[in-house]
Structures are given as structure tokens and as C-alpha cells.
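Under the working numbering, think of the first position of the sequence shown as 74, with each following residue one higher. Heads up, the thing below is written out as C-alpha cells.
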Amino acid sequence: MNMLYLNRTFSILILKLILIFSITQNLTAQSLIQSGPMVGYSSMREVGLWIQTKSEAEVNIKFWSSKEPQKKFSTNTVKTEKNKAFTAKLIADNLEPGQIYNYEVYVNNKKISFNYELKFQTQKLWQWREDPPEFSFVTGSCFYVNEEQYDRPGKPYGSDYKIMLSIYNSKPDFMLWLGDNYYLREADWDSWSGILHRITHTRSLPELQPLLGSVHHYAIWDDHDFGPNNSNRGFWNKEKTLEAFKLFWVNPSYGIDGNKGITTFFEWADVDFFLMDDRYFRSPNELTDKNKPYLGDEQIQWLIDNLVTSNAPFKIIAIGGQVLNPVSGRGIETYEMFKKEKEMLLSLIEKNKIEGVIFLSGDRHHSEVSKLKRENSYPLYDITVSSLTAGVSPGKNENNPYRIGESIDQHNFAKITVRGPRKNRELECNFYDVDGKFIYQFRINENELKYQSEGK
Numbered sequence: 074m075n076m077l078y079l080n081r082t083f084s085i086l087i088l089k090l091i092l093i094f095s096i097t098q099n100l101t102a103q104s105l106i107q108s109g110p111m112v113g114y115s116s117m118r119e120v121g122l123w124i125q126t127k128s129e130a131e132v133n134i135k136f137w138s139s140k141e142p143q144k145k146f147s148t149n150t151v152k153t154e155k156n157k158a159f160t161a162k163l164i165a166d167n168l169e170p171g172q173i174y175n176y177e178v179y180v181n182n183k184k185i186s187f188n189y190e191l192k193f194q195t196q197k198l199w200q201w202r203e204d205p206p207e208f209s210f211v212t213g214s215c216f217y218v219n220e221e222q223y224d225r226p227g228k229p230y231g232s233d234y235k236i237m238l239s240i241y242n243s244k245p246d247f248m249l250w251l252g253d254n255y256y257l258r259e260a261d262w263d264s265w266s267g268i269l270h271r272i273t274h275t276r277s278l279p280e281l282q283p284l285l286g287s288v289h290h291y292a293i294w295d296d297h298d299f300g301p302n303n304s305n306r307g308f309w310n311k312e313k314t315l316e317a318f319k320l321f322w323v324n325p326s327y328g329i330d331g332n333k334g335i336t337t338f339f340e341w342a343d344v345d346f347f348l349m350d351d352r353y354f355r356s357p358n359e360l361t362d363k364n365k366p367y368l369g370d371e372q373i374q375w376l377i378d379n380l381v382t383s384n385a386p387f388k389i390i391a392i393g394g395q396v397l398n399p400v401s402g403r404g405i406e407t408y409e410m411f412k413k414e415k416e417m418l419l420s421l422i423e424k425n426k427i428e429g430v431i432f433l434s435g436d437r438h439h440s441e442v443s444k445l446k447r448e449n450s451y452p453l454y455d456i457t458v459s460s461l462t463a464g465v466s467p468g469k470n471e472n473n474p475y476r477i478g479e480s481i482d483q484h485n486f487a488k489i490t491v492r493g494p495r496k497n498r499e500l501e502c503n504f505y506d507v508d509g510k511f512i513y514q515f516r517i518n519e520n521e522l523k524y525q526s527e528g529k
């Protein structure tokens, strides 16, 4: 009897030790996660994924279709390194179109548990089969996360981080970040370690993590991601900030025609998105040259070439700064400061009878919709969405003659939904406050963005 009791006690003790060891191992692996995982670009057969660890580690992701949860697949294993901020990009490939996949993260062969769902989706194969699907995305700019010892003295510049949870709860298909996605400070932009510290600190915000894990993310940059305030092509450390951008975002590509910068393109359902670089090729605002570049000739030519060949009902051009607002100067950075190039771009859109163009911009620390009426042409719109968490700069104090409706002078985000049958698609843009409460709506049908004459 005593021997049986001892054997049973010993077995229980062994089981407890195994359980404690397993929990300890999992907690050790969990403690290695710095931020993420994050879901990047989506295509019909492939999805980009990202994660950051706190120290050197081996990571991989296992994934499965919600339709066949018993069939699990795995990405390649990637070893994170200090000089790359311990970040890892992983590709989930050989996927099937139009499916939802769940996934799990492994660090040093140990599964990591999260208290929110991890999922991604592939785009639907709808062409030649049915009407394009409805989809929605969230967009915004100016995401500032305080770090007191490196911030300016006085009132904290960042606040209302709960807006990221409101964005998550709005359940978009993806988020398009419109620049100033992190704010490099004076202590950051002149060193590789400083740049990586700033982005890591911002990306690690707890309120951001659920959104990263199940919503696809695309991004452009503006001055505060690129370098100092109002920085331009002359910034001496731009190759390092470009390298860092590539480490922390999983866009489909970076730069076009062999050029540097962050320009890229993606499509979602039947809408084309052109992500422009308004910093890498940009001349100084103060340069006294009427021909000074903003996007630059090669980038504009690439844009026009692709706009001309696009059949999308909405062609969304995302640029860090406002395009249509004619107000500039006194710290206001708009395309108007590069008037000749701006006129050239708008002229090329007109000359080539490119339909469906909508500009999407950030930067301004308030949100507004600008409308430019054109003779014998459909009106152009610029939807400006700012600020997510950085200080507000009221638009009501600025006379933008093209603004329709009121400026939104508070932290906010926009959720844009595209729905309806082919040839009658509608774009609905709703602005929401930090708590996800409705503020303002802008709607437009694709047929309002067409020329009246036949053909293009």
C-alpha cells in the first residue's frame, strides 16, 4: 500500500514538473516577442507576415485554412538578428484565393499564445465569374507614441492610443498608413540604433497589437518616418531610414523601375492603389526653382503609365501630403509649394482622360475632403485623414477653398468601403473619433468620376 502510494505521488510530481517546465518554456518564448505578429500584403496565392523578437531567435509561422483546419502548413524558419532590429518577414505561400487562414507563431520551436485571434485572408478570384466583392479599409496618418525622455518638454504630444482598438473593432480588411507612422526625434534620426529604437518603441504599443495580428497593413511614409521635420532628398541618412522602413513594413515592393524609395502598387478587389513617395526625390521647400521636383519625373511617368492602363473604377493615389489644397507656406506643406509639377500631374490626368482618380493624403493633423472642379471634366477629390494620435492642428483656422463639409479637428480615422455591382461601384468614406463614434460621411459613385465624352 505504501509503495503504491509512493508511486502515485511520484507520478503526480513528475506530471507537475513537466507542466511547470512546459509553462516556463512557453513564458520564456513569450517574453522574446517585442511586437507583432503583423499581417502585411495580401494576394490570391501569397501573404506577407512579420514579427519582432527581443533578442536573437528562430521564428516560423504555421497556418491553416478555416475550411480545413486539420491541414497545417508552415513558413520557412527565419533567424532574427540584432542589426535588423530582430525583425523577421515570413511568407505564407501556395495559398488558395478567397479564404480565411488562421495562424500561430513559434519562437525557438515553442508555440506562443495570444489573447486575440491571429488570421489573414487571401483575395478572391472574382474576375470573369461574378461582380467584384465588397471590401473595406481603414486609413489615417500621424501616429505619435510618447517617450518622455526623448520628447519635447511640456504637454505630451501623443494621446488617445485607444483609437487603435477602435480601428480593430471596426473590422476592416486592411489598413493603409498614410505617413508619419512613427516620429523620429532629434535623438533618433542620426544613427541606426536611434532609428530602430524609435520604430520599435512605436510598434510595441500594446493597443496596437490586436490590429497588427489580424488586419492586413500597407504603408507610405512622410517626413517624420523619413527624417527630420519637412525633410527632403538632401537628408544625409535617408538610406538608413529607407532600410528601416523596409524592415518594419511588408509592402508588395519598394521603389519602381530599379529606383530607390518606397513607391509601390497593389490592388484589392477591383480598386487600384498607387502608393507614392513624397520624400526621397523631393527637393527642399525653400529651393528657388519653379521646376523643382516633388515626386520627380520618373515617378510621375510611372504613375501616369499605370493610371492609363488601369481599368479600376477607383484609382486611389496615396501621397503623404495634400495634393489639391492651394494653401501653403507658414509651415503648411502641400503640393502647391511645387506648383509647376502639380499642374503637370493634373494636366496629364486630364490629357489622358484618366477616370476614377481619388487622392488620399495625411500630414495635416486634421481631416477634410477637398474637391477641385474642372471644366469639361469630372471633379477631383483629395481625402485627407489625420491625426491618429499626434497633436491636432485645427483646419478651421485655415481657408482651404476646396474643402467640402467641415474640417475634423480631433483625433480620428476613416473607414472606406467599396461596394455595389460592376460598373456601378460606390465608395463610402466614414470618419470616426477615438471611440469609434461616427463623425462625417463622404460618398461617391464611380460614374461621377467619368468623362462625359465617349471613351478615354
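Virtual Cβ for every residue (Gly too), placed ideally from N, Cα, C.
Cβ shell of residue i (< 6 Å), same chain only, five flanking positions each side left out
i       : result
Phe-216 : Asn-254, Leu-461 and Thr-462
Asn-219 : Pro-229 and Gly-231
Lys-72  : Examination of residue 72 is not possible in this model, given that the chain is present from 74 through 529 alone.
Asp-295 : Gly-252, Asp-253, Gly-393 and Asp-436
Leu-105 : Thr-126, Lys-127, Ala-130 and Val-180
Glu-527 : The predicted position of Glu-527 is uncertain, since its pLDDT is 49 and thus under 50; a value taken from the coordinates is nonetheless stated next. Nothing listed; no residue qualifies.
Leu-419 : none
Glu-207 : Arg-492
Thr-150 : Glu-131 and Asn-133
Pro-325 : Tyr-114, Thr-337 and Phe-339
Thr-160 : Gln-125 and Leu-320
Contact check, residue i vs residue j, beta carbons under 7 Å
i       : j       : result
Ile-477 : Val-442 : yes
Gly-509 : Ser-239 : yes
Leu-285 : Lys-157 : no
Ser-115 : His-297 : no
Lys-135 : Glu-177 : yes
Val-211 : Phe-486 : yes
Asn-133 : Thr-148 : yes
His-439 : Asp-233 : no
Ile-268 : Ala-317 : yes
Ala-292 : Asp-345 : no
Lys-162 : Trp-123 : yes
Pro-283 : Tyr-241 : yes
Leu-376 : Phe-347 : yes
Ser-209 : Thr-457 : no
Gln-372 : Thr-336 : yes
Ser-459 : Ser-214 : yes
Asp-263 : Pro-494 : no
Close Cβ partners of residue i (< 7 Å) along its chain, the five nearest in sequence each way excluded
i       : result
Leu-360 : none
Tyr-524 : Lys-426, Glu-428, Ser-450 and Tyr-451
Arg-306 : Tyr-353, Phe-354, Arg-355 and Ser-356
Lys-413 : Lys-363 and Asn-364
Ser-277 : Gln-107 and Ser-108
Met-410 : Asn-358 and Ser-401
Thr-101 : Per-residue confidence for Thr-101 stands at a pLDDT of 46, beneath the threshold of 50, marking its modelled position as unreliable; the derived number appears in the next sentence. None.
Beta-bridge partners of residue i, as assigned by DSSP
i       : result
Thr-337 : Leu-348
Val-178 : Ile-134 and Ile-185
Trp-123 : Met-111 and Lys-162
Gln-374 : Answer is none; Gln-374 lacks a bridge partner.
Arg-403 : Paired residue(s): none; Arg-403 is not in a bridge.
His-290 : Met-248
Leu-500 : Val-491 and Ile-517
Leu-419 : Leu-419 is not bridged to any residue.
Asp-455 : Phe-432 and Ser-443
Residue environment, residue i, which counts as buried when at least 16 other CB atoms sit within 10 Å
i       : result
Tyr-189 : exposed
Gln-582 : The first residue shown for the chain is 74 and the last is 529, placing residue 582 beyond what the model contains.
Asn-473 : buried
Gly-334 : buried
Lys-496 : exposed
Val-381 : exposed
Ser-304 : buried
Pro-245 : buried
Asn-518 : exposed
Lys-155 : exposed
Asn-182 : exposed
Arg-498 : buried
Gly-227 : exposed
Ser-480 : buried
Asn-302 : exposed
Ser-287 : buried
Arg-447 : exposed
Lys-488 : buried
Leu-198 : exposed
Same chain, Cβ closer than 8 Å to residue i, five either side skipped, listed in chain order
i       : result
Tyr-174 : Val-120, Phe-136, Trp-137, Ser-138, Ser-139, Ala-165, Leu-168, Lys-192, Phe-193, Gln-194 and Thr-195
Phe-511 : Asn-503, Phe-504 and Tyr-505
Thr-273 : Gln-107, Ser-108, Gln-125 and Ala-158
Val-465 : His-438, His-439, Asp-482, Gln-483 and His-484
Interface flag, residue i vs chain B, CB-CB below 7 Å
i       : result
Trp-341 : In the structure shown, chain B cannot be found, because there is only a single protein chain.
Scan the stretch 249 to 286 and note each continuous beta strand (DSSP E) run of 3 residues or more that stays entirely inside, going in chain order.
Complete beta strand (DSSP E) runs here, min 3: none at all.
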